[in-house]
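Peer 1: The structure under discussion is supplied below as structure tokens; questions concerning it will follow.
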Amino acid sequence: PSKPSNPERKKVAKYRAKFDPRVTAKYEIKALIGRGSFSRVFRVEHRSTRQPYAIKMIETRYRAGRE
Numbered sequence: 001p002s003k004p005s006n007p008e009r010k011k012v013a014k015y016r017a018k019f020d021p022r023v024t025a026k027y028e029i030k031a032l033i034g035r036g037s038f039s040r041v042f043r044v045e046h047r048s049t050r051q052p053y054a055i056k057m058i059e060t061r062y063r064a065g066r067e
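Written out as structure tokens, the structure reads:
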């Protein structure tokens with residue numbers, strides 16, 4: 001029998017493709033842990049040290065230019 005789908009896993013997969021490859025090369029995206037109007041926060045793990053971190057992804061439509 002097939003395993004039931006995990007909704008959290010689907011959310012992570014949806015956003016994983018939006019991360020810069022330099023980020024996904026160093027960090028494994030583990031879970032979406034928070035969201036707001038302008039950003040999402042993910043629990044990640046450094047691939048070589050296994051140290052946990054959080055990364056905030058700001059939606060591109062809300063990023064302002066440097067002034």
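Numbering (full-length UniProt numbering), first residue to last: 1 to 67. Glycine included, every Cβ here is placed at the ideal spot set by N, Cα and C.
So for A54, helix, strand or coil by DSSP?
Peer 2: If DSSP states are grouped into helix, strand and coil, A54 belongs with the strands.
Peer 1: Under a Cβ-count criterion, where at least 16 other Cβ atoms within 10 Å of its own Cβ denotes burial, should Y27 be classed as buried or exposed?
Peer 2: With 16 or more other Cβ atoms within 10 Å, it is buried.
Peer 1: Alpha carbon to alpha carbon, how far is R9 from Y53?
Peer 2: About 18 angstroms.
Peer 1: Relative to the C-alpha of K11, which candidate in I33, T24, V23 has its C-alpha closest?
Peer 2: If we check each option's Cα against that of K11, I33 comes out closest.
Peer 1: Below 8 angstroms on the Cβ atoms is my contact criterion, and I expect I55 with S39 to pass it. Report the Cβ-Cβ distance as a whole number of Å.
Peer 2: Actually they do not touch by this definition, with Cβ atoms about 10 angstroms apart.
Peer 1: In angstroms with no decimal places, state the Cα-to-Cα distance between R50 and F19.
Peer 2: Spanning the two alpha carbons is a distance of roughly 19 angstroms.
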